[in-house]
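**Q** I'd like to ask you about the structure that follows.
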Amino acid sequence: MGYVCVSCEEEVEINPVEDKIICPSCSHRVLLKERPEQDKTVKAV
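Under the working numbering, think of the first position of the sequence shown as 662, with each following residue one higher.
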């Protein structure tokens, strides 16, 4: 999964289940999950 470090804005590829959630370059522990740019349309009933 792709994550972005809040501190240095580096893209980080980690597995959150097996790996520690930490930036390898600056050791910051807050990472944001990358989201797709497009909007998701949901059909209402």
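Where is the CB? At the ideal position from N, CA and C, for every residue including glycine.
Measuring only the C-alpha atoms, how far is lysine 704 from valine 691?
**A** 34 angstroms
**Q** Could you compute how far the alpha carbon of cysteine 669 sits from the alpha carbon of serine 686?
**A** 8 angstroms
**Q** Quick one: complete beta strand (DSSP E) runs, 3+ long, within the stretch 669 to 701?
**A** 672 to 674, 692 to 694
**Q** Valine 703 lies in the beta strand (DSSP E); which residues open and close that run?
**A** Looking at the DSSP string, valine 703 is not in any beta strand (DSSP E), and its letter there is neither H nor E.
**Q** To the nearest whole angstrom, what separates the beta carbons of glutamate 698 and tyrosine 664, a pair I think is in contact under 8 angstroms?
**A** Actually they are not in contact, since the Cβ atoms of glutamate 698 and tyrosine 664 sit about 16 angstroms apart, beyond 8 angstroms.
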